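Protein chains in written order, with our numbering: chain A, 1 to 128; chain B, 129 to 500.
Backbone N, C-alpha and C fix where the C-beta goes; we use that ideal spot for every residue, glycine too.
Owing to the predicted nature of the structure, the values given are computational and were not obtained by experimental measurement.
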């Protein structure tokens with residue numbers, strides 16, 4: 001989910017503090033435990049994204065693996081590097097997920113749950 | 129529950145199992161582990177320089193396939209397993225009570241060009257295994273590695289290790305065998321294994337396709353299609369040769385374990401080979417019953433990688449079709465990138481198999497076969 005900077009959209013009861021926005025460098029992430037859910041908050045390409053850290057494949061720590069890009073093909077079917085710093089790979093089996101949507105790159109049956117991220121007065125909150 | 133009870137046990141989760149045996153738990157041995165155990169002349173030859181050249185000796189001794197895997201590019205981790213502490217981490221994750229340690233680099237032993245060195249490397253690996261890895265008090269057993277390039281030396285190695293309590297099996301790195309495993313050059317090795325009461329694990333590696341199917345390997349030019357086809361393809365080739373040459377008839381007390389190749393091809397192969405055999409008995413005159421019956425009686429299959437884990441109807445039927453309740457054994461393949469987590473199979477099987485059958489697959493069958 002794209003970063004939401006308008007707290008009016010959210011019910012305060014559903015906002016959960018993560019950390020100060022400055023604590024996450026571009027291309028980095030934090031993993032926090034909120035009400036029993038392990039949630040990873042990424043800062044990448046000037047946006048924050050939050051995903052469940054529980055891999056829908058076999059339960060690995062999906063958001064703790066490599067944050068990178070992937071290989072795609074362009075309109076001429078030439079190989080290109082794509083989605084730089086927007087693809088996280090579960091370290092257990094290498095399954096690739098798009099951090100902007102939680103979607104698995106090869107199948108829409110294995111999406112990681114994603115959460116809205118709010119920036120309020122320099123702090124990050126996830127909503128659920 | 130009374131021991132006299134004939135009611136099948138109830139198994140709802142891993143907690144209900146008395147024993148979990150991981151029949152394919154990998155080590156990630158490196159040259160610095162193995163080289164100190166080499167015997168001369170290779171110890172003097174290979175340890176005479178501190179590090180070999182910049183590539184390291186093993187990079188030159190074991191052919192490299194050069195394929196890009198998720199681990200190669202950092203998209204999956206593959207933890208190191210070279211010490212008892214490393215093993216404990218894997219044991220805690222998978223939750224096994226007993227495991228049979230198998231190698232990683234040495235899955236390519238059969239592709240080593242220098243056949244006498246290959247035999248020496250097998251021997252050195254086994255000594256490293258005995259000194260550093262096997263720990264029966266902690267459930268850690270090992271498979272004695274043999275070099276298929278030198279079957280007579282392989283037989284000697286089996287004789288030497290037959291009485292080591294932590295050695296539960298013999299492993300042939302079968303992906304590069306030349307000739308294939310029905311050939312009479314292997315009979316002394318089979319005799320030694322039968323004499324020692326040790327089953328033979330047959331384990332390929334995807335990259336060994338470059339040695340036995342070089343044109344196909346070259347043509348595919350990605351890791352994905354090689355990995356998806358090579359393990360079961362080479363197993364079918366070896367099994368077809370072994371059955372045709374009557375290996376299970378010649379060695380009736382010898383058991384074989386077919387490793388890491390998925391499930392669905394196996395019941396297919398049983399029926400396909402039986403089908404062809406009905407019109408070609410003259411090619412396999414040694415056989416006294418249908419080929420598939422030898423597979424049911426003397427061959428076992430390890431579970432990983434379980435394909436179709438999201439499709440219960442498929443998976444349960446497939447396991448029934450080769451009577452997996454008697455011959456399938458759980459394996460994790462930890463720490464490789466395509467390892468199976470422990471309950472991946474059980475979650476599916478509970479809808480079809482009773483508790484006793486699940487217990488067989490998760491440990492009882494292995495306990496009987498390997499006689500730990």
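Assigned with DSSP and collapsed to three states, residue 217 of chain B falls in helix.
Contacts with chain B at 8 Å (Cβ-Cβ) include residue 92 of chain A. In chain A, no part has a C-beta under 9 Å from the C-beta of residue 460 of chain B; the shortest such distance is about 11 Å. Here residue 81 of chain A is bridged, per DSSP, to A:71.
Counting other Cβ atoms within 10 Å of its Cβ, residue 313 of chain B stays below 16 and is therefore classed as exposed. Residues of the stretch 137 to 170 of chain B with a C-beta atom less than 8 Å from some C-beta of chain A do not occur. Contact annotation, residue 165 of chain B with residue 236 of chain B: C-beta distance approximately 18 Å; criterion of less than 8 Å not satisfied. The criterion of a C-beta distance shorter than 8 Å is satisfied by residue 297 of chain B and residue 328 of chain B. Scanning chain B for C-beta atoms nearer than 9 Å to the C-beta of residue 44 of chain A yields nothing, as the closest lies near 16 Å away. The residue from A:111, A:121 and A:115 with its alpha-carbon nearest to that of residue 58 of chain A is A:111. For residue 37 of chain A, there is no enclosing alpha helix (DSSP H); the residue is part of the beta strand (DSSP E) that begins and ends at 37 to 44. Taking a C-beta cut-off of 8 Å against chain B, the contacting residues of the stretch 76 to 106 of chain A are 89, 90, 91, 92, 93, 94 and 96, listed in chain order. If you look at residue 339 of chain B, you'll find it in the alpha helix (DSSP H) that goes 337 to 340. Look at residue 27 of chain A: its C-beta is not under 8 Å from any C-beta on chain B. If you look at residue 404 of chain B, you'll find it in the alpha helix (DSSP H) that goes 393 to 405. Distance from residue 470 of chain B to residue 479 of chain B at the Cβ level is roughly 18 Å; contact not present, criterion being Cβ atoms closer than 8 Å. Residue state for residue 29 of chain A is assigned as strand, using DSSP reduced to three classes. Chain B places no beta carbon closer than 8 Å to that of residue 69 of chain A, leaving this residue out of the contacts. Under the Cβ criterion (8 Å, minimum of three pairs), the stretch 208 to 219 of chain B does not count as touching the stretch 65 to 72 of chain A.
Looking from the CA of residue 121 of chain A, the closest CA among A:20, A:93, A:100 and A:11 belongs to A:20. Non-local beta-carbon contacts of residue 151 of chain B in its own chain, meaning distances under 6 Å to residues more than five positions away in sequence, involve 228, 430, 457, 459 and 494 in chain order. A straight line joining the alpha-carbon of residue 283 of chain B with that of residue 357 of chain B spans about 31 Å.
In summary, the residues of the stretch 192 to 205 of chain B whose CB is separated from some CB of chain A by less than 9 Å are 197, 198, 199, 201, 202, 203, 204 and 205, in the order they occur in the chain. Exclusion of the five residues before and after residue 303 of chain B leaves 332, 333, 336 and 362 as the residues of its chain whose Cβ lies within less than 6 Å of its Cβ.
Between residue 38 of chain A and residue 31 of chain A a beta carbon distance of about 6 Å is seen, short of the 8 Å cut, so the two are scored as contacting. Within its own chain, the residues whose Cβ lies closer than 6 Å to the Cβ of residue 257 of chain B, once the five positions on either side in sequence are excluded, are 270, listed in chain order. Taking all protein chains shown into account, residue 477 of chain B has 16 or more neighbouring C-beta atoms within 10 Å of its C-beta and is therefore buried.
If you check each beta-carbon in the stretch 462 to 495 of chain B against every beta-carbon of chain A, the ones closer than 8 Å belong to 465, 466, 467, 468, 469 and 472. Nearest to residue 123 of chain A by alpha-carbon distance, out of A:18, A:11 and A:14, is A:18.
When the five nearest sequence neighbours on each side are left out, the beta carbons in the same chain lying within less than 8 Å of the beta carbon of residue 255 of chain B are those of 165, in order along the chain. Cα atoms of residue 387 of chain B and residue 496 of chain B: separation of roughly 17 Å, rounded to the nearest angstrom. Interface annotation, residue 51 of chain A: not in contact with chain B, CB-CB separation never under 8 Å. A check of alpha carbon separations from residue 154 of chain B across B:138, B:448 and B:273 identifies B:273 as the nearest.
Listed along the chain, the chain B residues whose CB falls inside 9 Å of the CB of residue 65 of chain A are 202, 203, 204 and 205.
Residue 107 of chain A has its alpha-carbon roughly 17 Å from the corresponding atom of residue 51 of chain A.
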